[in-house]
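Numbering (my numbering), first residue to last: 5 to 505. Taking it in order: structure first as structure tokens, then the write-up.
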Ligand code: NAD
């Protein structure tokens, strides 16, 4: 991906988006600089006031119309995702399926999740009524990755819009056509104001958005870029929400349904050619079931093939540079004594990587500690579930994870250091719009989806209103000394004993 041209008439630099499978040109897009980004944010400020003024009902109607359009034109959208990102058509369809569910949920639930709520005052302000209101932030900047070019950015965009904000979206330079399609489709159902705009370009365009004075920046991408985004946003104290990478673990306990666990491990680790932030990148299976489990994983993974067609099991690796990362992780693991039961050193044949199942992988191999983002599944033998837990929690990431088992499964799920866990399934938390989505540690902070996602993209406002006047006012220079004495006695009575009220 490189700057390809400077438009003769306008002087605007452009770049081409190309299919990772065929090299075919998908489209040409402007490289938007600070000026264009600032102009988009300024238009968005005005649009935000209009959008907020529509209220929940007005926004719900329009967001549901947008959802309807996505559902009706899903095929066209899947074709574009397949072309630009490379993933098989069915995987693209899963994105469409997810975003329509999430949009529907956000549109319907925003009014309830963000309704003003009464709060009971304590003794000091009993004569007041108190409430918290959730107001739109204004303009939310969204920066997205390429691996789920629809589902991931809409995880922020749908909830930001439902909460009453306008959005300026910077899609990945590898999937700008999907971003542009989205903004154009939204403008068809909301033609009045530029409530959802797209700016295109590389990292510098994203950096300009961080510095453009948006009211919040929601970033999804790698931890390395997340650090830069946070530093850039710090300049104007722009609040950030960071959805970063992961190294998700699956634990398979001795009482697990091994067929279900193997199915889930293969899907979780290999679907989308492993290019999934919540992909399973490590499996810890306990000794008594290890051999049987590995056999079932191998049977399934060995049947999968990578290829160019819309019906292949795996598409290409979307970003050429990622092929080197996957190759490095594989070579490192094999050099340290790991064995490949499926695939092997020759699995990487650009732009594809065939599925790989590794065993006997040392715990400090690159493939166990860094995000591989490829269809490589290390399956590690552990003594028991507690050892699995300790190893799973040793990494720096903490995005998602899965546990297969019965007796100890819920305890293990609670103890796993991650933002989201599925028990006896994989990645299912993403199918539940009401659940918050996000991680801990190097996987970032803040949440999209669910009520938390709506509130994350709102501003909580505290309001108190005096109901009854008291003989003296605590927040006044005119309060009598005896009032302070009385309050001091009351404080000792209420709190000095240490008992809870
Ligand atoms: P990336 O960090 O390379 O790029 C993400 C976006 O940031 C792109 O749009 C890019 O142009 C932009 N960018 C680059 N430099 C920037 C800068 N200095 N300032 C502002 N923006 C900048 O990530 P990627 O390769 O596109 O995506 C893959 C990563 O995203 C993986 O680590 C994956 O795990 C993660 N991811 C996380 C989630 C999640 O929800 N937690 C979802 C999908 C992907």
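We treat Cβ as the ideally placed atom computed from N, Cα and C, and that holds for glycine.
Quick one: measure Cβ to Cβ for residue 379 and residue 274, integer angstroms, because I've assumed they're closer than 8 Å.
Locating residue 379 in the chain shown gives position 375, counting from the first residue. Locating residue 274 in the chain shown gives position 270, counting from the first residue. That pair is a contact at about 4 Å.
Close-in-space but distant-in-sequence residues of the same chain around residue 400 (CB under 7 Å, 5 per side omitted):
As a working note, residue 400 is residue 396 in the chain shown. Answer for residue 400: 445, 446, listed in chain order.
What residue from 369, 468, 489, 30 has the CA that sits closest to residue 129's CA?
Working through the chain shown from its first residue, we reach residue 129 at position 125. Check the Cα spacing between residue 129 and each of 369, 468, 489, 30: the tightest is with 468.
Thinking C-alpha only, which one of 336, 233, 68, 321 is nearest residue 208?
Along the chain shown, read from residue 1 onward, the residue named residue 208 stands at position 204. Residue 208 has its Cα closest to that of 233, out of 336, 233, 68, 321.
Collapsed DSSP secondary structure at residue 369 in the structure displayed
Walking along the chain shown from the start, residue 369 turns up at place 365. The answer is coil: DSSP assigns residue 369 none of H, G, I, E or B.
In whole angstroms, what separates the C-alpha of residue 227 from that of residue 278?
Within the chain shown, numbered from 1, the residue matching residue 227 stands at position 223. Within the chain shown, numbered from 1, the residue matching residue 278 stands at position 274. Distance between the alpha carbons of residue 227 and residue 278 is about 17 Å.
Just the C-alpha distance for residue 321 and residue 177, rounded to the nearest angstrom, thanks.
For the purposes of this step, residue 321 is identified with residue 317 of the chain shown, where counting begins at 1. For the purposes of this step, residue 177 is identified with residue 173 of the chain shown, where counting begins at 1. Distance between residue 321 and residue 177, taken at the CA atoms: about 15 Å.
Smallest Cα separation from residue 137: which of 474, 461, 482?
On the chain shown, residue 137 is found 133 positions in, with the first residue counted as 1. Ranking the options by Cα distance to residue 137, first place goes to 461.
Go through its chain and collect everything with a Cβ distance to residue 397's Cβ below 7 Å, but skip five positions before and after it.
On the chain shown, residue 397 is found 393 positions in, with the first residue counted as 1. In chain order, 420, 421 place their CB closer than 7 Å to the CB of residue 397, counting only its own chain and leaving out the 5 sequence neighbours on each side.
Does the Cβ of residue 250 lie closer than 7 Å to at least one heavy atom of ligand 1?
Walking along the chain shown from the start, residue 250 turns up at place 246. Checking every heavy atom of ligand 1 against the Cβ of residue 250, one is found closer than 7 Å.
Is residue 152 a contact residue of ligand 2, with contact defined as CB to any heavy atom under 7 Å?
Although ligand 2 was asked about, the structure shown includes only ligand 1 as ligands.
Can you determine whether any heavy atom of ligand 1 sits closer than 7 Å to the C-beta of residue 174, and answer yes or no?
Counting from 1 along the chain shown, the entry for residue 174 is found at position 170. It does: the Cβ of residue 174 is within 7 Å (strictly closer) of some heavy atom of ligand 1.
Is the closest heavy atom of ligand 1 to the C-beta of residue 70 under 7 Å?
The count along the chain shown starts at 1 and reaches residue 70 at position 66. No, ligand 1 has no heavy atom inside 7 Å of this Cβ.
Are the CB atoms of residue 182 and residue 154 within a distance shorter than 8 Å?
Taking the first residue of the chain shown as position 1, residue 154 is located at position 150. Taking the first residue of the chain shown as position 1, residue 182 is located at position 178. With contacts defined by Cβ atoms closer than 8 Å, residue 154 and residue 182 form a contacting pair.
Assigned secondary structure, residue 364 (DSSP; H/G/I helix, E/B strand, else coil):
Within the chain shown, the letter at position 360 stands for residue 364. Correct three-state label for residue 364: coil.
How is residue 425 classed by DSSP in three states: helix, strand or coil?
Sequence index remark: in the chain shown, residue 425 carries index 421 (1-based). Look at residue 425 here: in three-state DSSP terms it is coil, with no helix or strand label.
Measuring CB to CB, does residue 201 end up less than 8 Å from residue 66?
Here the question's residue 201 lines up with position 197 in the chain shown. Here the question's residue 66 lines up with position 62 in the chain shown. No, the Cβ-Cβ distance between residue 201 and residue 66 is not below 8 Å.
What residues match up with residue 445 in a beta bridge as DSSP calls it?
The residue labelled residue 445 in the question sits at position 441 within the chain shown. For residue 445, the beta-bridge partners assigned by DSSP are 401.
Note the first and the last residue of the continuous beta strand (DSSP E) segment covering residue 137.
Counted from its first residue, the chain shown places residue 137 at position 133. Counting along the chain, the beta strand (DSSP E) containing residue 137 begins and ends at 132-140.
Would the beta-carbon of residue 307 be found less than 7 Å away from any heavy atom of ligand 1?
Numbered from 1 along the chain shown, position 303 holds the residue referred to as residue 307. Result no, Cβ not under 7 Å from ligand 1.
Do you know how far the Cα of residue 251 is from the Cα of residue 118?
Counted from its first residue, the chain shown places residue 118 at position 114. Counted from its first residue, the chain shown places residue 251 at position 247. Near 33 Å, if we compare the C-alpha coordinates of residue 251 and residue 118.
Heavy atom of ligand 1 within 7 Å of residue 92 beta-carbon
Here residue 92 refers to the residue found at position 88 when the chain shown is read from its first residue. Every heavy atom of ligand 1 is 7 Å or more from the Cβ of residue 92, so no.
DSSP state of residue 301 mapped onto helix, strand, coil:
Taking the first residue of the chain shown as 1, we reach residue 301 at position 297. If DSSP states are grouped into helix, strand and coil, residue 301 belongs with the helices.
Residue 247 - partner residues in DSSP beta bridges:
Within the chain shown, numbered from 1, the residue matching residue 247 stands at position 243. DSSP output for residue 247 lists 224, 448 as bridge partner(s).
Taking the straight line between their C-alpha atoms, what separation do you get for residue 497 and residue 236?
As a position in the chain shown, residue 497 is number 493, starting the count at 1. As a position in the chain shown, residue 236 is number 232, starting the count at 1. Going from the Cα of residue 497 to the Cα of residue 236 covers about 50 Å.
When the Cα of residue 470 is compared with those of 135, 264, 223, which residue comes out closest?
In the chain shown, counting from the first residue as 1, residue 470 sits at position 466. Comparing C-alpha distances from residue 470 to each of 135, 264, 223 shows the shortest one belongs to 135.
DSSP beta-bridge partners of residue 353
Translated into positions along the chain shown, residue 353 becomes position 349. Bridge partners of residue 353 according to DSSP: 356.
CB contact check: residue 271 to chain B, cutoff 8 Å
Of the protein chains in the structure, only one exists, and it is not chain B.
Compute the minimum distance between the beta carbon of residue 204 and the heavy atoms of ligand 1, and state whether it is under 7 Å.
Counting from one through the chain shown, the residue named residue 204 turns up at place 200. Placement of the Cβ of residue 204 at a distance of 7 Å or more from every heavy atom of ligand 1 is found.
Would you say residue 452 and residue 441 are within 8 Å of each other, going by their C-beta atoms?
Here residue 452 corresponds to residue number 448 of the chain shown, with the count starting at 1. Here residue 441 corresponds to residue number 437 of the chain shown, with the count starting at 1. With respect to residue 441, residue 452 sits close: the two C-beta atoms are nearer than 8 Å.
For residue 205 and residue 172, I'd like the C-alpha separation in whole angstroms.
Locating residue 205 in the chain shown gives position 201, counting from the first residue. Locating residue 172 in the chain shown gives position 168, counting from the first residue. Approximately 13 Å between the Cα atoms of the pair.
Ligand 1 and residue 237: does any heavy atom of the ligand fall closer than 7 Å to the residue's C-beta?
Your numbering for residue 237 matches position 233 in the chain shown. Exclusion of residue 237 from the 7 Å shell around ligand 1 follows from its C-beta lying no nearer than that to any non-hydrogen atom of the ligand.
May I ask you to verify whether the region 213-232 touches the region 354-367, counting CB pairs closer than 8 Å and requiring at least 3?
Not touching, per the Cβ criterion.
Integer-rounded CB distance, given that residue 92 should sit under 8 Å from residue 355
Position 351 of the chain shown, counted from the first residue, corresponds to residue 355. Position 88 of the chain shown, counted from the first residue, corresponds to residue 92. The C-beta distance from residue 355 to residue 92 rounds to 14 Å, too long to fall under 8 Å, and the pair is not in contact.
Nearest residue (CA-CA) to residue 394, options 175, 290, 59, 150
Taking the first residue of the chain shown as 1, we reach residue 394 at position 390. Restricting attention to 175, 290, 59, 150, the CA atom closest to the CA of residue 394 is found in 290.
Give the straight-line distance between the Cα atoms of residue 424 and residue 433, rounded to the nearest whole angstrom.
Start at 1 with the first residue of the chain shown, and residue 424 comes out as number 420. Start at 1 with the first residue of the chain shown, and residue 433 comes out as number 429. Our two residues, residue 424 and residue 433, have alpha carbons roughly 7 Å apart in a direct line.
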